[in-house]
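Residue numbers (the working numbering): 27 to 149. Backbone N, C-alpha and C fix where the C-beta goes; we use that ideal spot for every residue, glycine too. In this text, all values refer to a predicted model and were calculated from it rather than measured experimentally. Notes for the one structure printed next.
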């Protein structure tokens, strides 16, 4: 699971960089919230979680680790799509999609925190 998360995180990194490159080239920074969230929750957070899951396999084997994996990877794209649509169309009708994705992602992160606090042990 750890290596898979790192691979997924590199896709988010590429998307985040592409958005940043677009904004810089176009001098239009409206997508900054999408850019930041993709880089922090997609690239940084998933890379660090993946490294922890790889270094400490018991974390990856736990139910809370599996729940984190799925909730984070389902919620984040939903949240990012919703935020992109809010910015693109300047319409708050997409905010429930943002809230749904954010809730799912947050729950996943809470499972990650629980997993680390409960299952991370010194060798």
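Residue 80 sits in a helix when the DSSP states are folded into three classes. In the three-state reduction of the DSSP assignment, residue 87 falls in the helix class. Secondary structure of residue 31 (DSSP, three-state): helix.
Assignment of residue 147 by DSSP, reduced to helix, strand and coil, places it in the coil class. Within its own chain, the residues whose Cβ lies closer than 7 Å to the Cβ of residue 104, once the five positions on either side in sequence are excluded, are 123, 126, 127, 130, listed in chain order.
Excluding the 5 residues flanking it on each side, residue 77 has same chain C-beta neighbours closer than 8 Å at 28, 32, in chain order. For residue 53, there is no enclosing alpha helix (DSSP H), since its DSSP letter is neither H nor E.
Contact between residue 93 and residue 42 does not hold, since the beta-carbon distance rounds to 25 Å and is not under 8 Å.
Contact between residue 141 and residue 91 holds, with the beta-carbon distance rounding to 5 Å and staying under 8 Å.
With a 10 Å radius around the Cβ and a threshold of 16 neighbouring Cβ atoms, residue 82 comes out buried. Residue 60: member of the alpha helix (DSSP H) spanning 58–63, first to last residue.
Its Cα nearest to that of residue 62, the residue 110 stands out among 110, 136, 120.
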